[in-house]
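Asker: First, the structure itself, so that you have it in front of you.
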Amino acid sequence: MSTFHGLEIGKRSLFAQQAALSTTGHNIANSNTLGYTRQRVELEAARSIHYPGMNSDRSPQQMGTGVSPAQIVRIREDYLDLQFRNENTASGYWETMSDVYMKMEGILAEPSNTGLQAVMDQFWQGWQELAKDPNSSAARKVVEERGVTVADTFNHIAKSLTRLETDLENVMKTKVKEVNSLAEQISELNDQIGRLVPHGHIPNDLYDKRDLLIDQLSKLVDVEVKPASIPGIPPDKHGMITVSLGGQTLVDPSDNPKFNELVYSETSGFTLDGGIPALISGELMGIVEGKDAVNSTLKDINSLATGIANAVNTKIGNGPDFFSGGDAISIEVKRDSLDGINFDEGNPNLAQRIADLKFEDIDELGTTFDDDYRQIISGLGIRSQQASRMANNSDVLLNQIDLQRQSVSGVSLDEEMVNMIRYQQAYNAAARFVTTIDEVLDRVVNGMGRVGL
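The sequence shown begins at 108 in my numbering and counts up one residue at a time.
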């Protein structure tokens with residue numbers, strides 16, 4: 108065996124411990140980097156060499172040649188990634204729904220002294236007071252002003268709900284752009300990874316960036332991630348992935364183009380890769396169903412406004428209509444309309460009959476005005492509570508999964524400090540070993556054959 112064999116072992120040990128120290132430093136430097144996965148150098152014994160056995164000149168033995176850094180790997184669990192993304196999608200959906208319902212509750216403002224329920228009660232009470240003295244101009248003025256308050260409240264609710272629906276539409280378009288931007292970035296990282304992996308490189312930091320983008324995408328839509336299918340190349344030899352959205356391809360490095368844009372329009376909804384993605388969760392689905400909830404509530408409010416206007420005008424009969432307009436956003440009171448009604452001739456109990464509308468079942472609604480509105484409010488409250496509860500539960504689960512994922516993939520500074528000391532000591536020992544071999548060689552080169560000198 109060559110005397111220089113020891114130097115080679117020492118050199119390899121120095122390089123291996125230096126690689127481990129550098130990786131430890133990289134972990135420490137990125138301990139606060141979003142999406143970073145801690146890395147570890149996997150060391151393995153270098154290939155042994157055959158060497159004649161000490162007990163037999165015909166039986167070669169295996170002589171170790173030191174250590175070799177096999178690869179630098181990310182410490183990550185795919186199962187936890189899958190769990191995190193699934194729960195992240197659910198969290199995005201329920202947070203969006205909860206936010207929409209909270210905004211609708213704020214618009215309706217029930218219960219309160221200024222909510223629609225309160226102003227309707229005051230409106231019917233005004234007619235009740237007018238029934239006591241139908242010819243009182245003051246009582247008529249009170250009815251008129253309370254009618255104006257009812258109409259204004261309907262107008263405000265309808266306009267606010269319409270504005271909320273428009274805002275959700277704009278948010279939808281922004282989120283679609285965000286989906287496409289993330290898909291494009293994932294596709295670009297796919298290309299970079301696909302150029303490096305076939306040459307034996309392991310682009311861990313690029314993997315981290317891509318995984319972070321997928322995490323962000325999973326908040327918006329329910330995605331499915333699989334290794335890309337490249338003819339003739341196994342997945343571990345190219346490192347690229349495909350991303351699907353609702354059964355339609357969003358990113359595929361084997362296609363041309365390599366990513367497809369998600370398209371949204373108010374008329375046709377979502378289209379992707381020539382098909383319609385079956386969205387089931389995520390922020391986008393939350394916005395879709397949130398818009399439907401706003402639209403449904405607006406229809407209910409419109410039906411209530413139309414029912415009140417028609418019922419009051421019908422009771423008045425041949426006299427001038429009290430209300431005009433066909434829905435909540437356009438309903439208004441015709442000023443001084445009560446002046447054209449003679450409550451004595453043919454209508455002695457008109458004011459009382461209008462006041463009694465509060466307790467009558469309305470054919471268009473199938474119940475009374477108050478019960479119909481209470482059903483709207485209670486239904487909204489129940490759905491809002493459910494969405495809020497589900498959002499909280501989903502957030503708790505998401506945090507638990509993220510903690511599990513961080514316990515596996517996150518950087519622990521305490522652990523890295525221990526590793527740093529361990530690799531430093533190994534490096535120092537390897538350096539001392541090289542020094543020892545150097546002294547041996549010095550004795551061989553400069554000390555042998557000098558007997559008597």
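Every residue gets a Cβ at the ideal spot worked out from N, C-alpha and C, and that includes glycine.
Since we're looking at a predicted model, the values are computed, not measured.
Give me the residue from N417, K248 and I394 with the minimum Cα distance to E471.
Answerer: Position 364 of the sequence shown, counted from the first residue, corresponds to residue 471. Selected option, being the one with the closest Cα: N417.
Asker: What's the call for I528, buried or exposed, on a 16-neighbour Cβ count within 10 Å?
Answerer: The sequence position of residue 528 within the sequence shown is 421, counting from 1. I528 should be labelled exposed.
Asker: Whose C-alpha, out of P342, K406, T260 and S375, is nearest the C-alpha of A225?
Answerer: Here the question's residue 225 lines up with position 118 in the sequence shown. Checked all of P342, K406, T260 and S375; the closest Cα to A225 is T260.
Asker: How many angstroms separate the CA atom of N242 from the CA atom of E236?
Answerer: On the sequence shown, residue 242 is found 135 positions in, with the first residue counted as 1. On the sequence shown, residue 236 is found 129 positions in, with the first residue counted as 1. Spanning the two alpha carbons is a distance of roughly 11 Å.
Asker: In the structure shown, what three-state DSSP assignment does I436 receive?
Answerer: One-based indexing of the sequence shown puts residue 436 at position 329. Coil, per DSSP.
Asker: Compare the Cα-Cα distances from A177 to each of G307, E194, V249 and A197 and report the closest residue.
Answerer: By one-based count along the sequence shown, residue 177 stands at place 70. The residue with the shortest Cα to Cα distance from A177 is G307.
Asker: Please state the DSSP three-state secondary structure of M170.
Answerer: The residue labelled residue 170 in the question sits at position 63 within the sequence shown. Note: M170 maps to strand in three-state DSSP.
Asker: Nearest by alpha-carbon distance to K422: which of N506, L520, R496 and A458 is it?
Answerer: Counting from 1 along the sequence shown, the entry for residue 422 is found at position 315. Nearest C-alpha to K422: A458.
Asker: Is the separation between the beta-carbon of Y143 and that of D315 shorter than 8 Å?
Answerer: Translated into the one-based positions of the sequence shown, residue 143 becomes position 36. Translated into the one-based positions of the sequence shown, residue 315 becomes position 208. It is a contact, given that the beta carbons lie within the stated cut-off.
Asker: What does the Cβ neighbour count give for Y186, buried or exposed, with the cut at 16 atoms within 10 Å?
Answerer: By one-based count along the sequence shown, residue 186 stands at place 79. Looking at its Cβ environment, which holds fewer than 16 other Cβ atoms inside 10 Å, Y186 is exposed.
Asker: Would you mind stating whether L411 and D478 have Cβ atoms separated by less than 8 Å?
Answerer: As a working note, residue 411 is residue 304 in the sequence shown. As a working note, residue 478 is residue 371 in the sequence shown. No.
Asker: So, do the stretch 286-295 and the stretch 363-370 have three or more beta carbon pairs nearer to each other than 8 Å?
Answerer: Segments in contact, yes.
Asker: Bridge partners of A371, per DSSP?
Answerer: For the purposes of this step, residue 371 is taken as residue 264 along the sequence shown, with counting starting at 1. What sits at residue 371 in the sequence shown is Tyr, not Ala. According to DSSP, which records beta bridges pairwise, Y371 is partnered with F377.
Asker: Evaluate the contact criterion for the stretch 383-397 versus the stretch 269-281: three or more CB pairs, one atom per stretch, below 8 Å.
Answerer: Flag = yes, the stretch 383-397 and the stretch 269-281 touch.
Asker: Hey, could you find the ends of the alpha helix (DSSP H) T256 is sitting in?
Answerer: Counted from its first residue, the sequence shown places residue 256 at position 149. First-last of the alpha helix (DSSP H) with T256: S244 to L303.
Asker: Using a Cβ distance threshold of 8 Å, determine whether the stretch 529-542 contacts the stretch 119-126, with at least three qualifying pairs required.
Answerer: A contact exists between the stretch 529-542 and the stretch 119-126.
Asker: According to the Cβ coordinates, are L289 and K210 closer than 8 Å?
Answerer: Start at 1 with the first residue of the sequence shown, and residue 289 comes out as number 182. Start at 1 with the first residue of the sequence shown, and residue 210 comes out as number 103. Taking 8 Å as the Cβ cut-off, L289 and K210 do not qualify as a contacting pair.
Asker: Apply the 10 Å Cβ neighbour rule to N134 and answer buried if 16 or more other Cβ atoms are within range, or exposed otherwise.
Answerer: Counting from 1 along the sequence shown, the entry for residue 134 is found at position 27. Looking at its Cβ environment, which holds 16 or more other Cβ atoms inside 10 Å, N134 is buried.
Asker: Beta strand (DSSP E) containing T349: first to last residue?
Answerer: In the sequence shown, the residue the question calls residue 349 occupies position 242. Here the beta strand (DSSP E) through T349 covers I348 to L352.
Asker: What residue range is occupied by the uninterrupted beta strand (DSSP E) comprising E471?
Answerer: What you label residue 471 is simply residue 364 of the sequence shown in a count that begins at 1. Taken as a continuous stretch (DSSP letters only), E471 belongs to no beta strand (DSSP E), as it is neither H nor E.
Asker: Could you please give the first and the last residue of the uninterrupted beta strand (DSSP E) stretch that includes V358?
Answerer: Along the sequence shown, read from residue 1 onward, the residue named residue 358 stands at position 251. Per DSSP, V358 belongs to the beta strand (DSSP E) from Q355 to V358.
Asker: For L379, I'd like the list of residues in its chain whose CB is within less than 8 Å of its CB, leaving aside the five on either flank, ordered along the chain.
Answerer: Taking the sequence shown and counting its residues from 1, one reaches residue 379 at position 272. Result list for L379: L352, G353, Q355, T356, L357, N367, E368, L369 and V370, in chain order.
Asker: Just to check my reading of the structure: V255 and G233 have Cβ atoms closer than 8 Å, yes? What is that Cβ distance to the nearest angstrom?
Answerer: As a working note, residue 255 is residue 148 in the sequence shown. As a working note, residue 233 is residue 126 in the sequence shown. Not confirmed; about 11 Å, so no contact.
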